[in-house]
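Below is one structure, written out as structure tokens; the observations come after it.
In UniProt numbering, the protein residues as written are 1 to 161.
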């Protein structure tokens, strides 16, 4: 089978051919951004409400706020924001069917294309929580794992024998 040689096009060549380069990029999904803003709003409104309902003193509110800021900073520095991403992704999958479906379709695309071009898929994860349980890694929303080439070469050698 003969393939067309790969060629890198300049931005000017793309514009001359009527191709908008930004349309080739991944679409922007604002679902997680809106969920994060809603959580921040709930925290901003829930804090004063809890203060009034539970009768916390201003000193207790200060200590609680400093504790939350410490945990947020620890997550940002030590885990590169992984715990926050895990919580946000879990809430996104739980409350937004649109976000869940987009992630499922995206990973199915990786899985299918890899299989069709001859790369063997080994597994996949659809949520950050699932990735943490299976792979032990934070900061992964979802992913598809593939069989490495050493395994494929080893299997090929056994099939020749």
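Here a beta-carbon is modelled for each residue, glycine too, at the ideal position from N, C-alpha and C. Everything numeric in this text was worked out from a predicted model, so none of it was measured.
Residue i to residue j span [Cα, whole Å]
{"i": "residue 15", "j": "residue 9", "result": "10 Å"}
{"i": "residue 35", "j": "residue 100", "result": "13 Å"}
{"i": "residue 132", "j": "residue 11", "result": "40 Å"}
Anticipated Cβ contact below 8 Å, residue i with residue j, distance rounded
{"i": "residue 140", "j": "residue 126", "result": "Not quite, the Cβ-Cβ distance comes to about 11 Å (not below 8 Å), so this is no contact."}
{"i": "residue 67", "j": "residue 75", "result": "Not really, about 13 Å apart at Cβ, beyond 8 Å."}
{"i": "residue 39", "j": "residue 79", "result": "Contact flag wrong, Cβ pair sits at about 18 Å."}
{"i": "residue 122", "j": "residue 145", "result": "5 Å"}
{"i": "residue 85", "j": "residue 31", "result": "Not confirmed; about 14 Å, so no contact."}
Buried/exposed call for residue i, threshold 16 Cβ in 10 Å
{"i": "residue 46", "result": "exposed"}
{"i": "residue 109", "result": "exposed"}
{"i": "residue 89", "result": "buried"}
{"i": "residue 94", "result": "exposed"}
{"i": "residue 92", "result": "buried"}
{"i": "residue 116", "result": "exposed"}
Delimiting residues of the alpha helix (DSSP H) encompassing residue i
{"i": "residue 85", "result": "82-95"}
{"i": "residue 17", "result": "Unbroken run through residue 17: none, as it is neither H nor E."}
{"i": "residue 69", "result": "58-78"}
{"i": "residue 34", "result": "31-54"}
Minimum Cβ-Cβ distance from residue i to chain D less than 7 Å
{"i": "residue 141", "result": "This model lacks chain D altogether, as it is built from one protein chain only."}
Problem - alpha helix (DSSP H) segments (min. 4 residues) lying fully within the stretch 123-147 - result: 128-135
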